[in-house]
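A quick write-up on the structure given underneath.
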Amino acid sequence: MKPTDISAPDYFHKVVDCQWACPAHTPVPEYIRLIAEGRYSDAYMINWQSNVFPGILGRTCDRPCEPACRRGRVEETPVAICRLKRVAADFKDDIKHRLPKPGPKNGKRIALVGGGPASLAVARDLAPLGYHCTVFDGDPKAGGMMRSQIPKFRLPDSVIDEETGYILGLGVEFKGGQRVDSLKQLLAENYDAIFVGSGAPRGRELDIPGRKEAAANIHIGIEWLANVSFGHVDKIGRRVIVLGGGNTAMDCCRTARRLGGEMVKVVVRSGFEEMKASPWEKEDAIHEDIPILNYMVPVSFKHVAGKLIGVTFQKVRAEYDDKGRRNLVPSGEPDETIPCDDVLVAVGQENAFPWIEADCGIEFDKWHMPKVDPKTFVSTNPKVFFGGDAAFGPKNIIWAVAHGHDAALSIHKMLSGEDINERPLPEVHVSSQKMGIHEWSYDNDISADKRFKVPHRDKVVALKDIRAEVELGYDLKLALGEAQRCLNCDVQTVFAAPLCIECDACVDICPMDCISFTENGEEDDLRQRLKAPSPHHDQALYVSGDLKTGRVMVKDEDVCLHCGLCAERCPTGAWDMQKYLIDMVQAGSTCQSKARSAA
Amino acid sequence: MTYIAKPKFHHPGLKKNELGYTHRDYEGKISTLCAGCGHDSITASIIEACYELSIEPHRVAKISGIGCSSKTPDYFLGNSHGFNSVHGRMPSVLTGANLANRDLIYLGVSGDGDSASIGFGQFAHSIRRAVNMTYIVENNGVYGLTKGQFSATADRGSKSKKGVTNTDNAIDLVAIALQLGATFVARSFSGDKTQLVPLIAAAIRHKGASFIDVISPCIAFNNHAGSTKSFDYVREHNDAVNRLDVLVGREPISVDYAPGTVQVVEQHDGSRLALRKLDADYDPHDRLGAQTFLQKHAAKGQIVTGLLYVDPDAEDLHTHLDTVETPLNTLDEQALCPGSAVLDKINASLR
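Line by line, the protein sequences are chains E and B.
Sequential numbering of the first sequence, starting at 409, is according to the working numbering.
Sequential numbering of the second sequence, starting at 12, is according to the working numbering.
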């Protein structure tokens, strides 16, 4: 293999698995260290810069970082990254003075359709640069689905008010209660750019016999959740069936439990393991005495005189064909009818753009989705950008934020006369953490603690009050313990081949057998010859140039604890621990040519 | 010195030996030696050899004297018996322990100061008595703990870190061990684990006095130009006569060897040593030849490494003394004090 080019920004970025997996590339280990130091406001601001909604995401994020966390490959469970984010939000001081100030107006006007996370992220990035941002939303307050679909017992209004408030406080104009129902009209208002972040607002229907007849007691999940959120609905029948296996279904069933549903059941077509809902959301539902029944396909709604009395299910089992594709085939068991008073249908969400006229220059694909460039987020109309669920279908808040950053950069470049396809490289800082012979500026002692559980409100109390937040968040002692579990993967092992005398000290001390000195070869061959097995080929091998004996140093990045012992035991300083920070490019970052930025 | 404990986490894919242990289970405390010390690699090699042989840690006694080398038993086999004895007195303590309990595996760990100066006599007598042990000298040619004076194994003409030339002749412990009748004699280099680990494993399986001289560069005081015990010097002048594979049990000898290049030596306990010859004329059963070979190469400034001599039919001290099979420390009172009638009988036989 060729010597690894560690100057390529992506190389070390991938080693920080959590940050690499985060769509917004939040510098996770950096903020976790700040939490351990008690610098909650600093930790919050780092999050705010990357993911815009630390308090909201610290409660609701889908956490792509956690399955990626290296700790999960070393022991059973990853670091509770998400809940540590909430710690930063819960314990910070007043940070208002640290927010950017609205910049001097540059005369450019941006319209943002929808007041959810994607639009707000765009506004957050553009307002300080002097753009006049106007956010339109059908609801009276900002937040979009974060406010309408996520139950208050998971995400209190106060958190949404605070974090949307920081953005609106940047001089962003919010037009609540003003749903945009014609893009053509909006285009006619001569905005310099339009961003569409209107989400995936339509709940998918379940068209089976009895749907129309029993309609009074069959509710579409996200609409029902929004009605609960805005106080239009405050009760439900005693026996409730929730159809669907995603996070919306979990929100529906738990909400139903709080509105009078005593016997709430979730019924899914697939197996329990394959459900789309996050494992922790399933756990929370089960904890609230909600059974999840699997391999049952709804075939009809039973009703008597216009009144729903139950749902009939066909029992199925999973069969896998030669290509490993799953088919659900009838198991041959008799159908089962489960009696109920109400049904909540949470079988998916769809995009809907009835307000985009055919002659707006926006082309749609065969799935009726707008054609959007996945890098720049521009549509076929060069002035109109899409992001969040509106761009590529239902995902999560953190994706919407990431789209928002990229779209904001495109808008800023376009309005600065630059080519939006040229994406500037991120800025990378690498600095040695050496403080003394065996002292580092980070805590390199590895905690052996298992993941700490987040305290929950007592179930009896929680089920009585739909606005009582269930998770209480870590206290500072738990937070410190959990923060110490982070392996500091951003403090990189950096190897300088010319200094190495091949004494094997690093090989001998490495607790994870990551380091080998061996003859060079092709990657597949090299992976066979390492000191320990190398099962994860997506994890890079760090290969040095030729050493004096003609061998090379090969480090499998896979399960490195970043404990720094290789560097401590290295007599010549060939190994060093260097902190790697990457500034992802956002609109107005220094990486963008300043000379050409919008005046 | 490293202040943190070595993390307990280990690679999830580590192989386990017959006892279900990983090599991490054979570790001791974290080393307090200087960073890069060759001794740490010897420690790692002992760990690896014990792991590969599936040795039960509580069946090992590790005994040492004084010096950097003699600190190392703290860093391996944390669940074994250990005795950090007086300077140079490791061989006596080991001999005593061995006499009391012949069932343990004895690892004597010493250094060039401990064995070639203050304990030179002790070293000599434990070898000539054929104590069943693995005697490892971690040989760096300097007194590291007292800041780098020449030791008795420093080659004449080699230079100290300050540039002073050594005018004394060197003691070659391998040559002495051969002359004193050691039945397993090897030399290796801390920077070459592929050679060292099987040598340690073979020595442990050898019944009799096994001696291994391991050149172990002292990073702090003896790794400069002009030293003959530096990484660079040893790598350039290393003349390995053979490479060794230790075969325990009935596993067939690998077919990868070209015919005529492998010599198989079967030891007392049934373990087989497959010697891949690097020097076609070298015969590891020829004690005299080995001595000549060593001296010829030493005169050329070359360091001969590998398994230099082995007598697979060796006997040990217990055989010579005709002691009982049962370890002395487990004999009961009746066996140890059989009564006056037996004493009278012995006395009568001597009259």
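Glycine included, C-beta positions come from ideal geometry on N, C-alpha and C.
For residue 38 of chain B, the three-state DSSP class (helix, strand or coil): By one-based count along the second sequence, residue 38 of chain B stands at place 27. Three-state result, residue 38 of chain B: strand.
Candidates E:849, E:872, E:451 and E:774, of which the one nearest residue 501 of chain E by Cα: Position 93 of the first sequence, counted from the start, is the residue given in the question as residue 501 of chain E. Looking at the Cα atoms, E:451 is the closest of the given residues.
Within the stretch 628 to 671 of chain E, ranges of the beta strand (DSSP E) (whole runs, at least 3 residues): 647 to 651
Neighbouring residues, chain B, relative to residue 483 of chain E (Cβ below 8 angstroms): Along the first sequence, read from residue 1 onward, the residue named residue 483 of chain E stands at position 75. Near residue 483 of chain E (Cβ distances below 8 angstroms), the residues of chain B are 20.
Endpoints, the beta strand (DSSP E) within which residue 1015 of chain E is located: Nothing in the structure corresponds to residue 1015 of chain E, since chain E is present only between 409 and 1007.
Residue 55 of chain B: contacting residues in chain E (beta-carbon distance under 8 angstroms): Position 44 of the second sequence holds residue 55 of chain B. Those are 912, 915 and 916, listed as they occur along chain E.
Same chain, Cβ closer than 8 angstroms to residue 1012 of chain E, five either side skipped, listed in chain order: In this structure chain E extends from 409 to 1007, so residue 1012 of chain E is not present and cannot be described.
Span of the beta strand (DSSP E), counted from its first residue to its last, around residue 541 of chain E: For this step, residue 541 of chain E is matched to residue 133 along the first sequence. From DSSP, the beta strand (DSSP E) with residue 541 of chain E extends over 540 to 545.
Backbone CA spacing between residue 851 of chain E and residue 661 of chain E [nearest angstrom]: By one-based count along the first sequence, residue 851 of chain E stands at place 443. By one-based count along the first sequence, residue 661 of chain E stands at place 253. Cα to Cα, the separation comes out at about 43 angstroms.
CA nearest to the CA of residue 579 of chain E, picked from E:589, E:461 and E:539: Taking the first sequence and counting its residues from 1, one reaches residue 579 of chain E at position 171. Residue 579 of chain E has its Cα closest to that of E:539, out of E:589, E:461 and E:539.
Neighbour list for residue 973 of chain E in chain B, Cβ cutoff strictly below 9 angstroms: Translated into positions along the first sequence, residue 973 of chain E becomes position 565. Those are 13, 15, 17, 18 and 41, listed as they occur along chain B.
is_contact[residue 240 of chain B, chain E] using C-beta, thresh 8 angstroms: Within the second sequence, the letter at position 229 stands for residue 240 of chain B. It does not: the Cβ of residue 240 of chain B has no partner Cβ on chain E nearer than 8 angstroms.
Candidates B:96, B:205 and B:197: closest to residue 316 of chain B by CA position: Indexing the second sequence from 1 puts residue 316 of chain B at position 305. Comparing C-alpha distances from residue 316 of chain B to each of B:96, B:205 and B:197 shows the shortest one belongs to B:197.
Whole-Å CB distance - residue 772 of chain E paired with residue 604 of chain E, under 8 angstroms assumed: Residue mapping note: residue 772 of chain E aligns to position 364 of the first sequence, counting from 1. Residue mapping note: residue 604 of chain E aligns to position 196 of the first sequence, counting from 1. Actually they do not touch by this definition, with Cβ atoms about 13 angstroms apart.
Minimum Cβ-Cβ distance from residue 613 of chain E to chain B less than 8 angstroms: In the first sequence, counting from the first residue as 1, residue 613 of chain E sits at position 205. So no, residue 613 of chain E is outside the interface.
Under 9 angstroms by beta carbon: chain E residues contacting residue 52 of chain B: Counting from one through the second sequence, the residue named residue 52 of chain B turns up at place 41. Within 9 angstroms Cβ-Cβ: 911, 912, 913, 915 and 916.
Spatial distance of residue 27 of chain B from residue 36 of chain B (CA atoms): Counting from 1 along the second sequence, the entry for residue 27 of chain B is found at position 16. Counting from 1 along the second sequence, the entry for residue 36 of chain B is found at position 25. Taking the straight line from one Cα to the other gives about 10 angstroms.
Below-8 angstroms beta-carbon distance, residue 156 of chain B vs any chain E residue: Translated into the one-based positions of the second sequence, residue 156 of chain B becomes position 145. Taking Cβ atoms only, chain E never reaches closer than 8 angstroms to residue 156 of chain B, which makes this a no.
Local conformation of residue 453 of chain E per DSSP, three classes: Position 45 of the first sequence, counting from 1, holds the residue named residue 453 of chain E. In this structure, residue 453 of chain E counts as helix in the three-state DSSP scheme.
Cross-chain neighbours of residue 897 of chain E in chain B, by beta carbon under 8 angstroms: Stepping through the first sequence from its first residue, residue 897 of chain E is reached at position 489. Within 8 angstroms Cβ-Cβ: nothing; residue 897 of chain E doesn't reach chain B, min ~14 angstroms.
Of the residues E:957, E:752, E:874 and E:636, the one placed nearest residue 666 of chain E, counting alpha carbons only: Counting from 1 along the first sequence, the entry for residue 666 of chain E is found at position 258. For the residues E:957, E:752, E:874 and E:636, the minimum Cα distance to residue 666 of chain E belongs to E:874.
Three-state class that DSSP yields for residue 888 of chain E in the structure shown: The sequence position of residue 888 of chain E within the first sequence is 480, counting from 1. Looking at residue 888 of chain E - three-state DSSP - the assignment turns out to be helix.
Own chain residues within Cβ distance below 6 angstroms of residue 1005 of chain E, not counting five before or after: Indexing the first sequence from 1 puts residue 1005 of chain E at position 597. With a pLDDT of only 38 at residue 1005 of chain E, under 50, the local geometry of the prediction cannot be trusted, and no value is derived from it.
Residues bridged to residue 420 of chain E [DSSP beta-bridge criterion]: As a first step, residue 420 of chain E is located in the first sequence; it is residue number 12 there, counting from the start. Partner(s): none; residue 420 of chain E has no beta bridge.
8 angstroms Cβ cutoff, residue 230 of chain B in contact with chain E: The residue you call residue 230 of chain B lines up with position 219 of the second sequence. Yes - at least one Cβ of chain E is within 8 angstroms of the one on residue 230 of chain B.
Residue environment, residue 340 of chain B, which counts as buried when at least 16 other CB atoms sit within 10 Å: Indexing the second sequence from 1 puts residue 340 of chain B at position 329. Residue burial annotation: residue 340 of chain B is exposed, with fewer than 16 other C-beta atoms found within 10 angstroms of its C-beta.
8 angstroms Cβ cutoff, residue 289 of chain B in contact with chain E: Position 278 of the second sequence, counted from the start, is the residue given in the question as residue 289 of chain B. So no, residue 289 of chain B is outside the interface.
Interface flag, residue 625 of chain E vs chain B, CB-CB below 8 angstroms: Position 217 of the first sequence, counting from 1, holds the residue named residue 625 of chain E. Output row for residue 625 of chain E: interface = no.
Partners in chain B for residue 759 of chain E, counting only beta-carbon separations shorter than 8 angstroms: Translated into positions along the first sequence, residue 759 of chain E becomes position 351. The contacting residues do not exist; residue 759 of chain E stays about 42 angstroms from chain B at best.
Under 9 angstroms from the C-beta of residue 218 of chain B: neighbouring residues of chain E: Taking the second sequence and counting its residues from 1, the one referred to as residue 218 of chain B is at position 207. By Cβ distance, chain E contributes nothing, its closest Cβ being about 30 angstroms from residue 218 of chain B, past 9 angstroms.
Sequence-distant residues of the same chain with beta carbon closer than 8 angstroms to residue 440 of chain E, five excluded per side: Here residue 440 of chain E is taken as the residue at index 32 of the first sequence, counted from 1. Taking C-beta separations shorter than 8 angstroms and ignoring five residues to either side along the sequence, the partners of residue 440 of chain E in its chain run 451, 487, 489, 492, 891 and 894, following chain order.
Neighbourhood of residue 266 of chain B by C-beta distance below 6 angstroms, restricted to the same chain and skipping five residues each side: The residue given as residue 266 of chain B occupies position 255 in the second sequence. Residue confidence is low: residue 266 of chain B scores 46 on pLDDT, short of 50, so the model does not pin down where it sits. Its coordinate-derived value is still stated next. Here the set comprises nothing.
Close Cβ partners of residue 208 of chain B (< 6 angstroms) along its chain, the five nearest in sequence each way excluded: Counting from 1 along the second sequence, the entry for residue 208 of chain B is found at position 197. Excluding positions up to five away in sequence, the list reads 56, 59 and 60.
Classification of residue 1026 of chain E by the beta-carbon crowding that lies within 10 angstroms, buried from 16 upward: Nothing can be reported for residue 1026 of chain E, as the shown portion of chain E is limited to 409 through 1007.
Environment of residue 168 of chain B [buried if 16+ CB atoms lie within 10 Å]: Position 157 of the second sequence holds residue 168 of chain B. Residue 168 of chain B should be labelled exposed.
Secondary structure of residue 189 of chain B, DSSP reduced to three states: Counting from one through the second sequence, the residue named residue 189 of chain B turns up at place 178. Looking at residue 189 of chain B - three-state DSSP - the assignment turns out to be helix.
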